[in-house]
Each structure stands twice: as structure tokens, then as C-alpha cells.
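In order, the protein sequence lines correspond to chains A, B, C, D, E and F. Heads up: the first sequence begins at 90 in this note's numbering, then just goes up one per residue. Heads up: the second sequence begins at 90 in this note's numbering, then just goes up one per residue. Heads up: the third sequence begins at 90 in this note's numbering, then just goes up one per residue. Heads up: the fourth sequence begins at 90 in this note's numbering, then just goes up one per residue. Heads up: the fifth sequence begins at 90 in this note's numbering, then just goes up one per residue. Heads up: the sixth sequence begins at 90 in this note's numbering, then just goes up one per residue. Backbone N, C-alpha and C define an ideal beta-carbon position, used for all residues, glycine too.
6 protein chains.
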Amino acid sequence: MSFPLDYEHSAPMTFGGAMPTMKSFDESRVVILPVPVDRTTSYVSGTRNGPREILEASSHMELWDEEVGVDVHGVGIFTLPAMELPFGEMGELVGEIRRVAADILSREKFLVTLGGEHSITPPLVSAAAAAFKGLSVLQIDAHADLRDCYMGTPHNHACAMRRSLEFAPVTQVGIRSMSTEEAEAAPGLNTKIFYDATMRKDPNWIDRVVDTLSGPVYITIDVDGMDPAIMPATGTPEPGGLSWYEIVALLRATIARKTVVACDVVELSPLPGMMAPNFLCAKLIYKILTYQFAGK
Amino acid sequence: MSFPLDYEHSAPMTFGGAMPTMKSFDESRVVILPVPVDRTTSYVSGTRNGPREILEASSHMELWDEEVGVDVHGVGIFTLPAMELPFGEMGELVGEIRRVAADILSREKFLVTLGGEHSITPPLVSAAAAAFKGLSVLQIDAHADLRDCYMGTPHNHACAMRRSLEFAPVTQVGIRSMSTEEAEAAPGLNTKIFYDATMRKDPNWIDRVVDTLSGPVYITIDVDGMDPAIMPATGTPEPGGLSWYEIVALLRATIARKTVVACDVVELSPLPGMMAPNFLCAKLIYKILTYQFAGK
Amino acid sequence: MSFPLDYEHSAPMTFGGAMPTMKSFDESRVVILPVPVDRTTSYVSGTRNGPREILEASSHMELWDEEVGVDVHGVGIFTLPAMELPFGEMGELVGEIRRVAADILSREKFLVTLGGEHSITPPLVSAAAAAFKGLSVLQIDAHADLRDCYMGTPHNHACAMRRSLEFAPVTQVGIRSMSTEEAEAAPGLNTKIFYDATMRKDPNWIDRVVDTLSGPVYITIDVDGMDPAIMPATGTPEPGGLSWYEIVALLRATIARKTVVACDVVELSPLPGMMAPNFLCAKLIYKILTYQFAGK
Amino acid sequence: MSFPLDYEHSAPMTFGGAMPTMKSFDESRVVILPVPVDRTTSYVSGTRNGPREILEASSHMELWDEEVGVDVHGVGIFTLPAMELPFGEMGELVGEIRRVAADILSREKFLVTLGGEHSITPPLVSAAAAAFKGLSVLQIDAHADLRDCYMGTPHNHACAMRRSLEFAPVTQVGIRSMSTEEAEAAPGLNTKIFYDATMRKDPNWIDRVVDTLSGPVYITIDVDGMDPAIMPATGTPEPGGLSWYEIVALLRATIARKTVVACDVVELSPLPGMMAPNFLCAKLIYKILTYQFAGK
Amino acid sequence: MSFPLDYEHSAPMTFGGAMPTMKSFDESRVVILPVPVDRTTSYVSGTRNGPREILEASSHMELWDEEVGVDVHGVGIFTLPAMELPFGEMGELVGEIRRVAADILSREKFLVTLGGEHSITPPLVSAAAAAFKGLSVLQIDAHADLRDCYMGTPHNHACAMRRSLEFAPVTQVGIRSMSTEEAEAAPGLNTKIFYDATMRKDPNWIDRVVDTLSGPVYITIDVDGMDPAIMPATGTPEPGGLSWYEIVALLRATIARKTVVACDVVELSPLPGMMAPNFLCAKLIYKILTYQFAGK
Amino acid sequence: MSFPLDYEHSAPMTFGGAMPTMKSFDESRVVILPVPVDRTTSYVSGTRNGPREILEASSHMELWDEEVGVDVHGVGIFTLPAMELPFGEMGELVGEIRRVAADILSREKFLVTLGGEHSITPPLVSAAAAAFKGLSVLQIDAHADLRDCYMGTPHNHACAMRRSLEFAPVTQVGIRSMSTEEAEAAPGLNTKIFYDATMRKDPNWIDRVVDTLSGPVYITIDVDGMDPAIMPATGTPEPGGLSWYEIVALLRATIARKTVVACDVVELSPLPGMMAPNFLCAKLIYKILTYQFAGK
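This is the structure we're talking about:
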């Protein structure tokens, strides 16, 4: 957008808002891709508003990280416009997401995708697995999402990780809801499950999680992996789940010990009038960027 | 549901709640069919909650109609359980809705279907047209819904009346939103449009609407046909629209002059904490039943 | 409800929704009794909506329990219709609740009652104490509810445990709000109080709680016993309180060491648009059933 | 409340807020009495918050009336503190309301009572009828409230006008909901009903309403008498009802032609976050005061 | 924003969303300027979110106008980024708004400003009056906004029209709230007031309003000028006010008979979860553009 | 307010509501001063409603403290009316707050101020520092609030502690958000920062915090210092933060070891329909009073 006027203004749909250092796409090391996929019939509610609210919230966040003692935004964070949803069939949409993600990854960007439903994750994993040999996936989630088919389609969000397993092994953290069908299928799949009810019994559970990851790592965060106390804004908010400092510690350890190549944050379904969950998502993403780029 | 206990209880998912006269399916002249079709990913919001909230509201409504001076519930109002949504593809679901509706109509019931999205209307019209020769359709709606295809599917709610036209001619009332594509297609279709902006200029507009209807009549009410002042609980609430007394007068005149065989009320997307729109839908349906069965 | 049609449908007011195994009342070991008692003047809000929202939420829950590794729903969970509120006087209602509960317990069912106000608990305890010699009560609650009379009636929810003490001794857990009158009366009553502010100082507090229970056990859960972080949907949300894993551990230990005969979950007052508290109640009840019936 | 400090402050629980002219009780011609009766179990919601929200809203309203061209607040508007609800039984509460109202009326004040439920009206009418010979009542309401007994008590809000008829004849305006029992009883009662569905057919309907009133007049306004479009904040919001200019015109005509001695506004059940209905109630009351005291 | 990827995407902060014809600033005849100033609004707050929600809503609106039978978006509608609020003092901000507006008007654009508070209007009127000799202002509003100073500043929104009068005469429509001070000052000011309570008594009131306007016209719409039934989302929602068809007819007549040069829509304070008011604002603006550019 | 009637009533804008012992200003040891200043808060707004909601909530709280085993309200808690906001410029308002606070402190009252924005704290600290030699400040907050100037004013809430440092040294607890500018300035300021991310690593962190305080202590609590799980009702809810038992333990230790002379609770921005955060603030204040006055 170019125009011949000069005045102070923000770019409200940019992650971080009006940051001191705004870089071009080519100069930026981070690319934010909003993918507001959600099969709702109206524009009132649902995960389709997740990306918009995360970006809006991010413009109210400080860019300094007091834990690490650094402000990383200068590496360049470029926010792409939201993908349109041009298809009725999820199958075609999946192909398009894969194509766009592959293009971004081929330009050596750190890709952060904002959902939308969890059904956008398989094509992202597929693109990452093609770009990075030996990729493994860290999934933070309340639900195993290991159904082979649901509601008549293999692309339902309840099948997201079953589809992702076609491209890379998965480590699942915070799991506390699965069907009997999934429970029976899990042992035969290339997935390691850390159940929320028991994983904290080992004080080194974070290290154990990271130990299971191999090669480059893709991180997918279904926000319902966190405690509904801090994340009520999601479709099926399961009691239990990760606290803020648990998820932050897990991400820090993963980034410290592994090469993380891309991530997504999905299933935020904003609650009208309640900003805390949206703001948390914005800070969570900036925490990932801080750990990833501090000192670089 | 049978159990060997005896105590006072309501049947909360029954239209009208715990009415003095509860009749069996066979004895009932009216059958309520909830069809909560909505492509949402979670159970929080959307038109999928429409039928539930209409039924809940209906249990708080009085059964006497002070305008006509009658209580018609004794004709028997039987509420079926909500149809499950077993398919990923709208196409298959459409077939199932048609089959169930045809079965009910074949038993000489007055069928009232509760949506859910407007995409459930074409199979209902199809079933009614097969059962009643020469059927015409009265549609109350803000949107023409005449797109041939939308979001990659011919079964989208934006195509509801284009599909319905394959089975019967349609009279559209309250229209105040349509695309350029629809505006161009409309003259070639078997539809008569009463635009909200102009229809009241003729004080006899209601008679003119009824004049366009021929043979038995199916009525489809998209709740957004009404003024958002009284009906804010819908996906795209267009300013303008029918007032309560306008829609009631139109329904009264239609039922008085024509043989109405079935109807649906769709696109209610309940607003959390606001009961008025849900209650209005319940009363609107009972008004239809009152006009239909008073004196019978 | 019988009807001559065949289609897939759920029973939305059934705990667990459309479960694979639906058993008759006689075959079921568990009976769910909704008692939506609440003195509100309208249908908009309050604890009267608690049972409805718990049942609705329960239909979105998985039936597998990943902690115990079992799906217990096959023992049969039968949901009765909600009790009507036929009386103006709480005194009469109390008698009716007692009668119905006694009938259910006499049929060797595990009774789970859904409130509604806490004032429904005394007749439930009364019925259980009559059926099970030597009964004791485990109460999870923020409030002692030990007033002898409140707002002019001995049946107010603020008197719920004072009334219950007429039938059985009580162990109170999570208490963090009481009046000076109650504080003075407590030492003379047959109750053991575990104050929320201090009970966790003993790492074995759960065992100490269970130690105080004798004979068969009735469990009453006022949802405000939990932390408002996870349970904001209640009338007087007191800061502090049990976390999800604390309440689950307490229930597991109680069921493991004692014979639990019935329970209730009361005082959920749903917040419009926020599903997490409703969903938590549904899962809490299913956790109790899982612990109670796993391996049986 | 007296204190030895001097600073600018408002009296937020005073009708009109910090008005230029604040008069003592004795000097004031108008007395506002909040009676937040509501049988709810918690403080979250319901008509108990009606008086508080009307007073809060009233402090944001202008004191000039542009229609009449006058600012009447100088006659003195004194707001009493809210009555406590000291009894469990409505019967005792009714006696106390009558006693307090009688005391105020004996001091030649214009009494404006803020509800709370409609069940507070009978004792107010009783006190007014005792003070003013030949009193009649103007009721604006969606519901006839003519049940003889409801939920086991003759003091339920559904019986409010049946009880009031024991003290004075009633004219009912805006009625559009009644039970079969009420419809049968009405002809035998000393009440004239103007049904909402038909009353506007006579362009002189307002004069006809006022014609039915005799002697001094008490006005009771159940806010659900108005259209839910402008008054969604009530327990059972019936479609139809009076518009703002209709209710204002009716009040103006009544005050112009009759001697109005007191009034109440009841059944406002505030919707969280929506100020318009609360504000409307504040302005409605100030309109009554303007018509009553302009030129005096 | 430029990037080397190709995919379908919308520009969510563009009025009209992803329109078929997107023109550059220079080619566009319409310029949308969001000015989310929110500093002194009272009672309910949040006008800073008004522009964002209007733009979001506008992307869900059809571009065809069925009343006029035209789709005008092809004249080019260019949405500028929102002005930042760089100053603590409203005085400085006022100067900046004037400078930017003057720049846009000098480029022969039809300027549509989205507020924010009404305090942004005076600098917009000032810029328009400088650009167009003999300008007059049409104000649609519940409040006269004629205070000379409020809360210690002459730039408060309660002073918006008093300030605007320094640049052009004003015609005020829908007025139904003013202070005694304003009522006394009004006769001495260059303003014509059409009071909401009385203006409809003349069936030709719209013509009479337009008759008062001279020269080029600036239109300022405070959304609270409309009926709270359709516009509850504003700080002080006064009962009464213009209906949708009244405001649309007034705008149509004004544009038909006068040369309108710019307009603003201010004081939308979105209600969380309720889309209808936001959507109405979007359609209102598009109605203005349709009347302005149809046939051009 | 005096009036010649006798009936039971509460004083709803009194902290604690209708307490058994109501003392005069002179007799009371505690004075509650509501200061609903809300002018520059960003993102989500409404701190002006904080005092009102805290007072309302406080009337539903029990007066007995079960942890300490005492009911302290008998020392006298006098609630002043809310300060009006008479000025456009924050600078003048600051002077007025200081004057009133100094007056109250000179009367040997324990002053509890209810915000409103954090910008009210500097004049309160200034008054306390003048009254109590050697004062230090304990700040519980998510934000450092150390900016020298923000939005063009030194009185913005983002500058609250930078201003307070002009009067006393500050210890900051729970900090987890600060700008790069603040991070650079902090080492040169007379402040000790306990970062939320790291402070709990020392199990004696509370003692270490108290050790840093010298002389009499003023406590300022920005509610966003607490975890958004229990305190979502604030403008920028930062993840992390103090739990209920952490903040209570910190306050207990501070009061036990130091002489606390006054405190404030600021930045509560109530969420419509959600009472838990308001209720928490009321209990937090009563906890402070209990610790302060138990045994006195």
C-alpha cells in the first residue's frame, strides 16, 4: 500500500505492531503467515478470528524480553496477509497451504503460522519435512488428534496428527483426551505420548520430551494444550494442561537443544471481550522468537 | 426413555416444554425436526445451537394466543431428536435430510424444521415438492441466496434458494443484500423478489406477496429477514428488515389464503446471554401453528 | 419417546451424549438426576442452567480415560429427566428430592445428582444415610454452609451442611469463607474442617482427609470449592481453592479407600459464552465414574 | 455519611448523580426507593441489579428535557438506600414494603420505586390505595400477571396484578402473553386489557386507555411491556410491545389528564456490558418526573 | 507491503475487503481514513475499536446495492492506515488531523473518516471549510455537543459541534439530549436544531432539513443519532433516534440535492460478540458512497 | 444522607456492605478512598468502574478470616465517596489527589485507595512520604512503569513508578513486561526489581523482597501483577504472575515485619458478567486489613 501522505500510523495487522525496526520480506528472518481456516457460516466467532486477534494483541506487547535480556525484533518479522479460503473441499486447501509454506521455507525464513483449525498443520509439516531431512514434530495439545477419519473426512482437525505422521514422527505433550479408537491405534503409530496426568511425575520430564526429538524440529501448538485457567478461548477446553511457565520452559529447552525450523499456533477461538488469551498467544510466539534469535 | 420412577419433570428438548397435553408421534399433527447443521469446529457457538435454544425458549412461552383467542397445542406437537451430522460432505447430508423429511410428510404431518444453516432448505423443499404437486415457496430473508456455487460447493447456504428453485418457484421477501452475480442472474430465474427497501411502498404489499404464491406453500424463514433490532443473533445481520408485526401479518395472510404444508426457521446463531432472539423464534413458530390449527 | 422413523440422532440431554452403548434404566449402574433448583425469576441465568450445560458439555467429551486406561461407560449411565420445581416452599421440595433419591438408591444405582443450588444436598444425604448405615459425607466447598438459618429459612444453600449434619458427620475440604456465627458454631458440630489456606502444609493432606471418613461415603461437590481460575462460573467465587489435579487426586483416593455410594455436583452457574467451566464439571463427573467402575 | 474533608465527589447511588441542586429528604418532592427483590442465590445477575444499574445510568443523563423545555430536578429528588431483603418468605417482605411505602406517601412525596421483581407492586398499590381514595392502576406490561397462585405462592411475580386487583382496578396495556387460566379468569376481574396485537388499530388508543382510569392513578411499568428491540434486558422478552415514543406519549397523556400519585419500574434484569436498557429506564423515570413537575 | 509469493489473500483492513477492483491511492476517488482517537468518552468506552470493527465488518458486505441497482466500488476506495495518537494533548492532535484531512481533500478525494470520538470532527470540518467555500454541516446525533468547554478542555467530544461552528453553520438532526447550559446557548449560535421528539410531525421533515443546508456539505454522523434498538454500541445510547430507513432517506436526499464533499462516522463503541452495529456502520458508509457515485 | 424512615437497608457503596459495626469517620481506623480515574489506559478500557465493582463485591464477602481466626471490621472501615474528575489535565488532578490523601493521613487513618489507573499512585506516595519519614514502596505489578514520559505526558500510568521514585525508593515484584528504554534506565534508578520469571528460584524470595524495604512502607498493587488466570480483568493481562497464595503470603510477611501505612489497588477493569476478579480484589483488601489490625 503506497500513498503520498506523511503521518504517524501503525500497521495493525503486523505482528508486533509499529515496531521501531520494520524490515522488508527479503531482509526478514521471520515470516508470519495467518491461515484463518474455520468452517463457520458467519463472521461472528470461531478460530477464524484467531490470527486477527493475535496480531492485534501483539501490537500491545513490549519488545524487550526481561528474562533473556534482549530485544530480538530487529532480525525482521514480516507479516504476510491472511490466506483466503478459496475452496469448499479441505483437500484442495491443504495442497495450497503446503505450496505456500514450501515457498516460504525455501527462502530460508523461520515460518510462524497462525491458525485457524489444527487441520492446517499436516501440510505445514509436509512442507517442512520436504525441506528439512529427518524432521520430527513436537506437538503441545490436549487432544491426540490421531483419528484416521472424522466426520467423513481425513482432513478434520481431529485427524491432524494422524495426517502429520505420514511425514514425520511426533512427540505429543499435554495429552489428556482421546477416543478409545485412538487409544488402540496409538501403540502402532510413530508417536510418543506424554500424558498430562502423569508426565510431571518425572522432574526431568522436559528433558525427556526433548530427548525424543530427532533432527530438525517443527513445533505445533494447539492452544488447548494449556490449562483452561489461562486459555479458556478454545473449542474444547480440557481441564489440566500446561501452565505458562511449563510451556515456556519446554519451548526454551527445545530451542536450546534442537534446531527448530518452523512452528504454528492453532485453535485460538477468541472469547468476546476477554483479551488475556489472545495476548498470551502473542507473547508465546514472541518468546519462541526470542529464544530462537537471541544472540543471533 | 422409560424408567420406573414417578415424579414431576419436564422434557426440556420438547417444543413447548411440559405442555398439559403431550401426544404420541402418531397422534400429533405437528412434527418438529431439529437439524443443527453448522460446519463449526467446536461446540461453543454458531447456528448449531439454534434448535437447542429455540426448544429451551419454547418451554417458557405461554400456550394461549391472545390475538386469536385459542390454545392450539392440543393438536399434538411432537419433537423429534436432533439429526446427527454423519457426513463430511454436504451432498450426502442433503440426501439424508430429504429422505427423513419425505418420510414425515408421507405421514401427513405438518413439518417444522429448525436449523441450522439455510443449506438445509433445498432438500426440505425437494421433499415437499414431491409430496405436494404445484408447490411454491415463500422465503423471508435478507439475502437472495441465489449464487450457483459458493466456496466451491453448490450446497453452501449462499446457494440455498438457487438449489430450491430446482424444485419449486420462489417468492422472496425482505431481500436487501445480494451480489452483482446474483443481481444479473435473478431475472432469468423463476423467482419474484420483494426488496425490503421498496416493498412497503404499496400498502397492500402483503397481499401482493401472497398473490404470487400458487398451489401448496412451503415457508422458509431465514431469521436475518427480520430487523437486527429484534434479531441480532445471526451471522450477517443486515440493517432494515421485517418487524415482528410485519412478519406475523405476512404469515397470517399466507396461511389464511393458501395451504401451507411445511416450514423451516434457520440461521439463528444464539448470542450468549441474550435470550430475546431465541424466544422470538419460539413464539414465531407457535404463531404459525396457531394460525394453521386454530379452529381445527 | 418413540417414533416410526430411522435416522442417526443424539440424545442431547443424556450424560455422555450419543454413547456407543446406551443401556436401559434397569441395566444401568449409574443414574444421573438433574435437579435445577434455583429461585430465579427468569430463565436467563443462574444455577438452574447448571444441569443443562453439564449434560450438553458431556456430549463433547471422550469416553476413554487415558489416566486409568479404560472406558467405563459400558456399565450403563442413565440420565433421568430434570425434576420440575413444583413448590414455592423449599420445605416441600426437599421432601420430594429425598423421596426420589431414596427410590433410586433402593434400586442399587450409583446416584449422581446435578444441581442447582446446594440446598438440594441435605435431602440427598438424608436418603443416602437411610440406605447406608454409618454414612459419612465428604464436602468440597469454599463455604462452610453451617448457618442454622439464613434469609429466614433453614433450607437456604448457606445452611446446606448444617442440615446435612442432622443425618451424617461431614468432612469439609477447601473451606475459605465462613461467617463469625459459623466459626463459633463449628467446634460444637460433628464436622472436620480442612481449611484451604493451611491444608496443603501437610503433604499427606489427602490421606488425612480420607482418614476422617467412616463407613459408606457420600460426596458433595460445590463447584466453588475449586479455584476460580478454572471455575469462575459460580455465585461467590472465592480466591484460592482446589486445582484440577488436587480435586481429582482427592476423589481418586477417596474412591480407592472407601465405598462411595452417591455424589452431587452443585452451584454451577454457567457464564454465557464460556464453556470451560461446564466442560470441567462434565469431566469431573466422568472421572468419578471412571474411578468407581474401572475393572468392574 | 459525614466526614471532615472537602473535595468534589458524586453520590453514585443517587438518581441523577451529582445534580446542581441536591435537596434534603424533607425538601424533596420526589423520593426514589430501590427495592432489589430477587430470589437469586448469588450476586451475579438478575433483577436484583436493576435498581443499582438504573441509578448508575441516571448519573450520565442530562437534566434538561428538550421536549418540554424545562429542567425539573430542582423540585428535589431524594434517593433512599435500597431496602434489605430480611425475610425468606415473600409474605413478610410484602408487609414491610407496604409499611415503608405508606410512610413515604404519608409525607406527601411522589414515590418512585425501583424493582426488583414485579411481586413488589401489590404492596405498593395497597399503600397507595389506602392513601388515595378511588385509586386506579395503569399497568404497562407484556404479561397479564393475573395468575391466582404460581409456583406454590400467591406472591409470585406472575400473580402481581391479581394481587393488586384486591386494592384497585387495573388497566393493562401492551399485553401479549397470558396463560389459558388467565384468559378464562380475566372477564371476571376488574381489569381492562389493551392487547398489544390490536390496541394500535384505534389511532386514539392512548386516549381510550386514559379514559379507563378513574381517580388518582398509580403507574406500574414492567419493562418487558416495551419492545425487546429497545428492552432486551428482562426475564421473558416477548416480541412486540411499546416503542419509546409510544410509552412516552402514554405517560404524558396520563399525567396530563389524571393525578398520578406514585409509580414503579420493575423487572429490569441488566445484560452485562449493554448499557442501553439501563439508560432507557433512567430516562423513562426522568420523563415521568418532567411531565409531573414541569411548571410546578 | 510487497513479497515474492503468489496466493489468494484479502486485505482485512481495507474497506470492502478483497474487492474485485482494487485501485491505487491516485486512482481512487474515495479515501477512508481511520482515526481511532478515544480519550474522553464517558460511561462505556471503546470507540478506539470502532474503525477496526467497521473495516472488518465491511469485508462481509455485498458490493451490489439492490435499491439503486448499481455496484459503485469500481470508482476506487482506498483505505489509509489508522492515524497514530502521538500526543498527550488533544490540541496538538486536532492540528494533525486537520493537516492530514486538508492534504487528502487537496487531492480531490471524497474523504470518509472513521472515528473514534466526536472530538475529531472539528478539525475535519475546518479542513473542509478551507477547501470548499460556503460549507455547511449536517450533523446526525442524539447530543447537541454544544458545550463550550467540558472536563476542562474545549476539545472534549461534548464540545464537538461548538468547535465546528467556528468554521461553518450546522444543521443538527435527531437531537434528544442537551444540558441546560447548551439549551440556553443554542439560540445565539449559527445552528438549526431538529429535535427527535418533534421533527417527524412534519412529513416533509427531510426536505426541511436539506433546505437548511447551503453550499457544499460536510456530513458528520454520530452513531448515537440512531435508535439504540439498532445501535446499542455507543457510549450514551439515548432512547428514540433515527431508524435505518430514516437515516438512509435523509442521506439520499442530501446527496441528491447538495454537493457533499466529505463525511465522518464516529462514536461506534463495539459491543463484544455483537456484530450488527458494526455491520450497520459499514453498510451506512457504503450507502453514502452508492448515492454519491451511482451513475458517475 | 438523613431521612425520617426506619427500615433495614444496606449502604451499597460501603466497603463490606451492611457490616454489624458501622463507625463514623472519626472513629474509624481505616478509610477507603475510591479514585475512579481512567484517562490514558490502553487496549481494554474501564478502570473507572473498578472502585464501584470492588465495593459491590465487598458486600458479599464474609467478615471472618478463617486463616487468622479473627473478624477485624470492628476497627472501623469508613468509605468515602468517589473523587470526581474535575480537570482535563492530569497534572491538576494529581495535585488534588495528593492534597486529599495528605489530609486523610494527617488524621492517622490507614488509607486504602481504589483505582482507577496506576497514574494515581505517585501523588499517594508523595503524600505518604511527606507524612512518614524514610518511606519505601512495595509495588506488585506486571509492568515496571518506569517510562519517563509516555503519550506526551509524565503522568501516564506507564510512568507511575518513575514518578513515585521522586518521593521514595521502590521494590518491584512480579515484573514481566518492560520496554527497552525502561530496561536501560532501570540500573540507574533507586529501584530493586524482582522479575516474575526468576524470583521464585529462591525459596526465600518473600523474605528477600521484604528485606529490601526500609522504614514505613506504602504498598501499591497493580492487579495485573497477578496471574491472568485469576485476574483477567485488566488492560494488558501478561501471562505469568503471582498466584493468590503468593500475593497473600507476600502481604502477610510485609505487614508482619514492617510498618505499612497505606496501600492502593489499581487497574481493575471489570469484565462484564464475570464477578471473580472483582471479588478477589475485595478479599485482597480485607486480607490486608486483617493482617494489619488482627490483635489490635
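In chain C, which residues lie with their C-beta within 7 Å of the C-beta of residue i?
| i | result |
| --- | --- |
| Gly-329/A | Trp-333, Tyr-334 |
Report the neighbours of residue i on chain C: residues whose CB is nearer than 9 Å to its CB, in chain order.
| i | result |
| --- | --- |
| Ile-374/B | By Cβ distance, chain C contributes nothing, its closest Cβ being about 17 Å from Ile-374/B, past 9 Å. |
Could you tell me whether the Cβ atoms of residue i and residue j are closer together than 7 Å?
| i | j | result |
| --- | --- | --- |
| Met-250/B | Val-259/B | yes |
| Ala-383/F | Val-157/F | yes |
| Pro-109/A | Pro-125/A | no |
| Val-355/D | Gly-205/D | yes |
| Ile-193/E | Val-120/E | yes |
| Glu-327/F | Arg-265/F | yes |
| Ile-229/A | Ile-310/A | yes |
Hey, is residue i's beta-carbon within less than 7 Å of any beta-carbon in chain D?
| i | result |
| --- | --- |
| His-98/F | yes |
Beta-carbon of residue i versus every beta-carbon of chain C: anything under 7 Å?
| i | result |
| --- | --- |
| Tyr-284/A | yes |
Is residue i helix, strand or coil when you go by DSSP?
| i | result |
| --- | --- |
| Phe-256/B | coil |
| Ser-131/E | Unreliable placement is indicated for Ser-131/E, whose pLDDT of 43 sits below 50; no coordinate value is reported for it. |
| Ile-166/F | strand |
| Ser-266/C | strand |
| His-244/E | coil |
| Phe-382/B | helix |
Who are the neighbours of residue i on chain B, taking C-beta pairs under 9 Å?
| i | result |
| --- | --- |
| Asp-234/C | Here the premise fails: no neighbours, minimum Cβ distance about 26 Å. |
| Pro-93/C | Phe-114, Asp-115, Asp-192, Arg-196 |
Would you please verify whether the beta carbon of residue i is less than 7 Å from any beta carbon of chain A?
| i | result |
| --- | --- |
| Ala-383/C | no |
| Met-102/F | no |
| Ser-148/F | no |
Comparing the C-beta of residue i with each C-beta of chain F, is any distance below 7 Å?
| i | result |
| --- | --- |
| Glu-151/A | yes |
In chain E, which residues lie less than 9 Å from residue i when you measure between Cβ atoms?
| i | result |
| --- | --- |
| Phe-368/D | Tyr-132, Pro-317, Thr-325, Pro-326, Glu-327, Pro-328 |
Chain I partners of residue i, CB-CB under 8 Å?
| i | result |
| --- | --- |
| Met-267/B | Of the chains in the structure shown, none is chain I; the protein chains are A, B, C, D, E and F. |
Starting from residue i, find everything on chain D with Cβ-Cβ shorter than 9 Å and list it in chain order.
| i | result |
| --- | --- |
| Ala-107/F | Glu-173 |
| Ile-264/E | Glu-155 |
| Glu-185/F | Tyr-96, Glu-97 |
Just to make sure I have the definition right: I need the residues of chain E whose C-beta is within less than 7 Å of the C-beta of residue i. Which are they?
| i | result |
| --- | --- |
| Ala-365/D | Pro-317, Pro-321, Pro-326 |
Using the beta-carbon of each residue, which ones in chain B are nearer than 8 Å to residue i?
| i | result |
| --- | --- |
| Pro-361/D | Gly-362 |
State yes or no: is the beta carbon of residue i nearer than 7 Å to at least one beta carbon in chain E?
| i | result |
| --- | --- |
| Val-189/A | yes |
Along the stretch 156-172 of chain E, where does the CB come closer than 7 Å to a CB of chain B? Name the residues. Here the close residues are Glu-156, Asp-160.
Residues within the stretch 296-325 of chain A neighbouring chain E, beta-carbon criterion of under 8 Å: none
Listed in chain order, which residues of the stretch 199-210 of chain E have Cβ atoms closer than 7 Å to some Cβ of chain A? none
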